[in-house]
Structure formats: C-alpha cells, structure tokens
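Down below is the structure, laid out as structure tokens.
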Amino acid sequence: MVLGINGLGRMGRTILRLALRRGHTIKILNDVAKWEILAYLINFDTTHGSLGNRCECHVFYEGTTQKLKIVYTDKENQEVEQDIIVRNAANPRDIDFGENNNNQAQDIDVMIESSGKFLDSSSLACYLTKGVRKVIMSAPPRDNTPTFVLGVNAHHYNGEKIISNASCTTNCIAPICFILDKHYGIENAVMTTIHSYTNDQNLLDNAHRFDKRRSRSAPNNIIPTSTGAAIGLKKVLPSMEGKIHGQSLRVPVADVSMADLSFYLREEVNLDSLHELLESYAKDSMAGILSLDTKERVSSDFLGSSYSSIIAQDLSIKIGKLVKIMSWYDNETGYANRILDMAEFINRQHQ
Numbered sequence: 032m033v034l035g036i037n038g039l040g041r042m043g044r045t046i047l048r049l050a051l052r053r054g055h056t057i058k059i060l061n062d063v064a065k066w067e068i069l070a071y072l073i074n075f076d077t078t079h080g081s082l083g084n085r086c087e088c089h090v091f092y093e094g095t096t097q098k099l100k101i102v103y104t105d106k107e108n109q110e111v112e113q114d115i116i117v118r119n120a121a122n123p124r125d126i127d128f129g130e131n132n133n134n135q136a137q138d139i140d141v142m143i144e145s146s147g148k149f150l151d152s153s154s155l156a157c158y159l160t161k162g163v164r165k166v167i168m169s170a171p172p173r174d175n176t177p178t179f180v181l182g183v184n185a186h187h188y189n190g191e192k193i194i195s196n197a198s199c200t201t202n203c204i205a206p207i208c209f210i211l212d213k214h215y216g217i218e219n220a221v222m223t224t225i226h227s228y229t230n231d232q233n234l235l236d237n238a239h240r241f242d243k244r245r246s247r248s249a250p251n252n253i254i255p256t257s258t259g260a261a262i263g264l265k266k267v268l269p270s271m272e273g274k275i276h277g278q279s280l281r282v283p284v285a286d287v288s289m290a291d292l293s294f295y296l297r298e299e300v301n302l303d304s305l306h307e308l309l310e311s312y313a314k315d316s317m318a319g320i321l322s323l324d325t326k327e328r329v330s331s332d333f334l335g336s337s338y339s340s341i342i343a344q345d346l347s348i349k350i351g352k353l354v355k356i357m358s359w360y361d362n363e364t365g366y367a368n369r370i371l372d373m374a375e376f377i378n379r380q381h382q
C-alpha cells in the first residue's frame with residue numbers, strides 16, 4: 032500500500048514509524064516544521080525509543096525535490112530504506128505532489144490527514160482532485176464526514192473516499208459500548224478518560240487558546256477538561272445518542288490513558304458472564320482490537336500496545352444494574368495501529 036501523511040506531530044510520526052515497520056511505501060510527507068528537525072524526531076522518540084537499529088534519517092535534494100531518506104535495520108536484521116518526498120505546505124490544497132513533472136498523488140492509495148487542523152471533507156477534497164484515491168482523517172470530524180471504528184461499524188463502509196477514524200478514546204470505548212448495548216441494553220452511561228497530557232497543553236503555566244485549565248502546567252497537575260469522545264461515539268453507534276456524556280482528566284504521564292465507563296443497563300448482569308462475553312469478542316470479531324488484562328498492570332506496562340481497548344478485569348464493579356468498566360489504551364500506538372488497519376481495510380474495498 033502506498034501512503035501519504037499530512038501532519039508530522041505525535042500521531043503523524045507514530046503512524047509513519049509503524050507504516051515503515053509494516054512495509055508500506057510512503058510517497059509524500061507534509062508538515063510546516065523544518066525537515067531537519069522532523070528527521071531527528073522521526074529517528075528518536077522519548078516515549079517510544081529509536082526508530083530502529085543503525086538508523087539513518089536525513090534530508091537531501093534530488094534535483095529540485097527535497098526528500099527524506101530513512102534507512103534502518105528492523106528486528107529481523109533486514110535493512111529498510113525509503114526516499115520520501117517532503118513538503119512544507121500550510122494547507123492541503125497547496126501540497127505539491129509533483130516530481131520530475133509526474134503527479135505522484137496518482138500513486139497514493141490512502142492519504143492520512145493527521146495535522147488536526149483540517150477536520151471536514153470540503154477541506155480534504157483537494158486530495159482527491161489531485162489524484163489521491165482515499166483519505167483518512169485521524170481525528171473526529173467537525174462535519175458529517177462518515178466515521179468508522181474497526182470492530183464496531185466498519186462493516187458499513189461503502190467505498191466512501193473521505194472518512195474519519197474517530198479519536199483514540201472513541202476507539203477505546205466504542206467496542207465496549209457496542210457489546211453491552213447489544214447484549215444487555217444501555218439505558219445511560221457516563222465516561223471519564225484519564226488521559227496522558229498532549230501537545231495541546233503547556234509545559235509551564237501559559238495562556239491557552241480557550242481553556243483556562245489547559246493553560247496550567249501539564250506535568251504538575253491533574254487537569255479536568257473536555258473530550259469529544261462521547262460525541263464521536265454517537266457517530267459510530269447512533270443507538271447511544273442521548274445516552275452518554277463524557278469528560279477528561281489530563282494526568283502527568285506522556286502516554287497511555289484509561290477510560291472509566293459507568294453504565295446503567297436494562298437488565299442486571301453477572302460480572303463473570305460479562306467478562307466471558309467480552310473475552311469471546313476479543314478472540315473473534317474484535318481480535319487485535321479488544322483485550323482483557325488479568326495481571327493487575329499499570330499504565331507503563333501498556334506502552335507500545337497495539338490494542339484499542341484493554342479492559343482491567345479486576346477493576347470491574349457491579350451494583351444491581353449499574354456496571355463500571357475501566358479500560359487501558361496507548362493513545363498513540365494503539366490508535367496509530369487502527370489508522371493503518373483502517374487504511375488497509377478501505378484500500379481493499381471497492382478498488
């Protein structure tokens with residue numbers, strides 16, 4: 032599969048690293064930052080470590096085209112090398128896909144929009160005009176762009192050219208909500224994501240664009256704030272409309288988050304039976320997406336996990352029809368894996 036990526040922040044770089052490890056071809060990368068600095072950040076990562084053994088990542092020119100050379104030795108001791116076109120356009124419509132008078136966009140199966148700035152189909156239609164086949168937004172949309180979550184509603188995908196993969200938190204909670212609503216019926220639910228801090232927060236106290244609490248120092252505070260995960264969930268599971276609301280607590284860790292979900296169900300459940308049901312999905316239609324943890328692990332144990340949702344089985348609580356479920360997720364690596372899984376999925380469909 033041939034990919035392009037716009038936006039090389041935390042998510043874009045994580046997607047790039049995983050795409051290289053999966054053997055995908057990267058045709059073009061676009062970001063407004065200096066490529067010498069981005070090359071350094073692609074190679075070295077405080078949270079996830081180096082890209083690979085004996086890694087080389089530098090910018091060069093081939094004629095008038097700026098490129099990024101990535102060479103590294105993978106876990107199988109095989110040398111991986113790619114030369115990737117790099118651009119510095121501030122808007123998708125201004126990205127130059129040309130090389131030696133050839134439109135490289137025509138070779139791109141899926142363009143991943145991970146800048147976090149262009150969150151509607153009209154802003155991304157320019158990719159299709161240039162020749163890209165399909166586009167995935169790595170964030171919840173601000174319009175009615177079709178939104179899909181693997182294991183939940185991806186079977187409804189019908190060849191749409193531009194889609195959203197929802198958010199990392201929606202990918203964590205949607206499988207759980209799907210199962211409980213289908214088998215027990217959800218009357219109401221509330222969720223709190225206990226979320227690692229992100230680049231939308233401040234290292235030290237400084238004015239935020241709109242959120243007073245996010246103006247405070249991320250490494251030194253637990254910061255209550257909003258989340259769009261519940262809104263995104265309703266796009267994926269319309270049956271949850273009017274039934275769920277959510278909020279977020281940003282906590283002083285760099286990665287790995289936890290969703291705290293409380294459900295009031297239509298019927299009383301047995302926790303052992305509920306866990307058996309969740310386990311059956313984890314082994315079948317949600318394999319690789321949903322998992323259960325029985326080893327009483329903590330957040331750092333899930334760094335690098337590829338699952339969307341890892342239920343901490345011993346933390347489940349039941350009082351009558353009220354059930355609490357808590358689920359871990361690596362909000363970077365887990366979500367990046369789902370982005371690539373989704374890209375592979377839509378690339379196989381309606382080609």
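So the sequence shown is numbered by the working numbering: it starts at 32 and just counts up by one.
The C-beta atom is built at its ideal place from N, Cα and C for all residues, glycine as well.
These figures come from a predicted structure and were not determined experimentally.
When the distance is taken between beta carbons, is residue j closer than 8 Å to residue i?
{"i": "A170", "j": "S195", "result": "yes"}
{"i": "K98", "j": "I116", "result": "yes"}
{"i": "V90", "j": "A70", "result": "yes"}
{"i": "K165", "j": "D140", "result": "yes"}
{"i": "A50", "j": "L39", "result": "no"}
{"i": "S227", "j": "A313", "result": "no"}
{"i": "C203", "j": "S358", "result": "yes"}
{"i": "I167", "j": "E144", "result": "yes"}
{"i": "L72", "j": "R48", "result": "no"}
{"i": "E298", "j": "Y360", "result": "no"}
{"i": "T384", "j": "L280", "result": "Past the edges of the chain, shown from 32 to 382, lies residue 384, and the structure says nothing about it."}
{"i": "I217", "j": "S288", "result": "no"}
{"i": "N184", "j": "P123", "result": "no"}
{"i": "T178", "j": "A197", "result": "yes"}
So, at 6 Å on beta carbons, what are the nonlocal neighbours of residue i in its own chain, with the 5 sequence-adjacent residues on each side left out?
{"i": "D324", "result": "I341, A343"}
{"i": "L302", "result": "S347, K349"}
{"i": "G277", "result": "M222, T258, A260, A261"}
{"i": "H306", "result": "Q344"}
{"i": "R328", "result": "none"}
{"i": "H239", "result": "R245, S246"}
Ordered along the chain, which non-local residues of its own chain (more than five positions away) have a Cβ less than 7 Å from that of residue i?
{"i": "D236", "result": "S246, R247, S248"}
{"i": "D372", "result": "L181"}
{"i": "D242", "result": "T256"}
{"i": "R118", "result": "I59, N61, I126, D127"}
{"i": "S270", "result": "D212"}
{"i": "V300", "result": "Y215, K349, V354"}
In terms of alpha-carbon separation, which member of the options lies closest to residue i?
{"i": "N84", "options": "T78, T96, K106", "result": "K106"}
{"i": "I275", "options": "A260, R328, K326, E112", "result": "A260"}
{"i": "N74", "options": "L34, Y103, N233", "result": "Y103"}
{"i": "D231", "options": "H306, S257, V166, S270", "result": "S257"}
{"i": "G273", "options": "M142, N219, L234", "result": "N219"}
{"i": "D52", "options": "M373, I68, N108, I262", "result": "Before going further, note that residue 52 is Arg rather than Asp in the sequence given. It is N108."}
{"i": "A318", "options": "T95, I217, F333, P206", "result": "P206"}
{"i": "N233", "options": "I370, E112, T95, V282", "result": "V282"}
{"i": "Q113", "options": "S146, I68, G54", "result": "G54"}
{"i": "S146", "options": "S270, T45, T95", "result": "T45"}
{"i": "H79", "options": "F333, V300, G277", "result": "F333"}
{"i": "S32", "options": "E327, W66, M142", "result": "The sequence as given places Met at residue 32; Ser does not occur at that position. Checked all of E327, W66, M142; the closest Cα to M32 is M142."}
{"i": "E87", "options": "C199, F179, G277, E110", "result": "E110"}
{"i": "K148", "options": "F179, T95, V63, T178", "result": "V63"}
{"i": "T96", "options": "D76, T77, W66", "result": "W66"}
{"i": "R369", "options": "E327, I320, L150, V221", "result": "I320"}
{"i": "Y199", "options": "T77, I262, R244, G94", "result": "Position check: residue 199 holds Cys in this sequence, whereas Tyr was assumed. Selected option, being the one with the closest Cα: I262."}
Using a Cβ-Cβ cutoff of less than 8 Å, which residues in the same chain neighbour residue i once the five nearest sequence positions on both sides are dropped?
{"i": "R41", "result": "T229, N230, E363"}
{"i": "E310", "result": "L323"}
{"i": "K192", "result": "L159, R164, K165, V166"}
{"i": "Y92", "result": "K98"}
{"i": "L308", "result": "I210, H214"}
Between residue i and the ligand NAD, is the CB less than 7 Å from at least one heavy atom?
{"i": "T200", "result": "Ligands are entirely absent from the displayed structure, and the ligand NAD is therefore not among its contents."}
Three or more C-beta pairs below 8 Å linking the segment 336-343 and the segment 356-368: yes
At least 3 beta-carbon pairs within less than 8 Å: the segment 206-219 vs the segment 287-296: yes
Beta strand (DSSP E) runs wholly inside the segment 315-353, at least 3 long, in chain order: 321-324, 340-343, 348-350
The segment 251-259 / the segment 174-193 touching (three or more Cβ pairs under 8 Å): no
Cβ contact (3+ pairs, closer than 8 Å) linking the segment 171-178 and the segment 258-268: yes
contact_flag[the segment 374-381, the segment 342-359] where n(CB pairs < 8 Å) is 3 or more: no
Three-pair Cβ contact test at 8 Å for the segment 341-351 versus the segment 142-161: no
Given 8 Å, three or more beta-carbon pairs between the segment 131-146 and the segment 48-62: yes
Beta strand (DSSP E) runs contained entirely in the segment 57-134, provided each spans 3 or more residues: 84-93, 96-104, 110-118
Entirely enclosed alpha helix (DSSP H) segments - the segment 126-203, minimum 4 residues: 152-161
Secondary structure, alpha helix (DSSP H): runs of 4+ residues fully inside the segment 217-302: 260-267
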